[in-house]
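K.L.:
The structure follows.
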Amino acid sequence: METADDDKFSKRKLSRNFMEEVDMLRHEFVEVTDHFQQRAKSLGLKYQQLADDNHTNYDEDFLTAKACQELMKEAEEFARKRASKALSLFEGRLN
């Protein structure tokens, strides 16, 4: 039978584990944000170079939309992979 002390210990452990998860997610969020900021810069430069070199007949608004579309596609793929990884880790902890 659980005592009050066991219950307090269990709650502290749960709280500590939760905060560790929050810290891990915060760290991953910063890494992902940094990655996509760098990726956005490189895509912007890529499409700006296309506009500057006249390799295309498209206007700058179209090229901006294409760069955004490409970045969003990468972000969706990343999110899918990350969600799959997180679910498998979560399921492993439940078993």
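First residue of the sequence shown? That's 58 in my numbering, and the numbers climb one at a time after it.
From the three backbone atoms N, C-alpha and C, an ideal C-beta is built for every residue, glycine too.
Treat the numbers as computed from the prediction; the structure is a model and nothing was measured.
#1: With DSSP run on the structure shown, which of helix, strand or coil describes Y115?
#2: Under 8 Å by Cβ, that's how I've got R96 and L120 pegged, so tell me the actual separation to the nearest angstrom.
#3: Would you kindly check if the distance between the Cβ of G101 and the Cβ of A124 is under 8 Å?
#4: Quick check on DSSP: helix, strand or coil for D110?
P.N.:
With the given structure in hand:
#1: coil
#2: Not a contact, Cβ separation roughly 16 Å.
#3: yes
#4: coil
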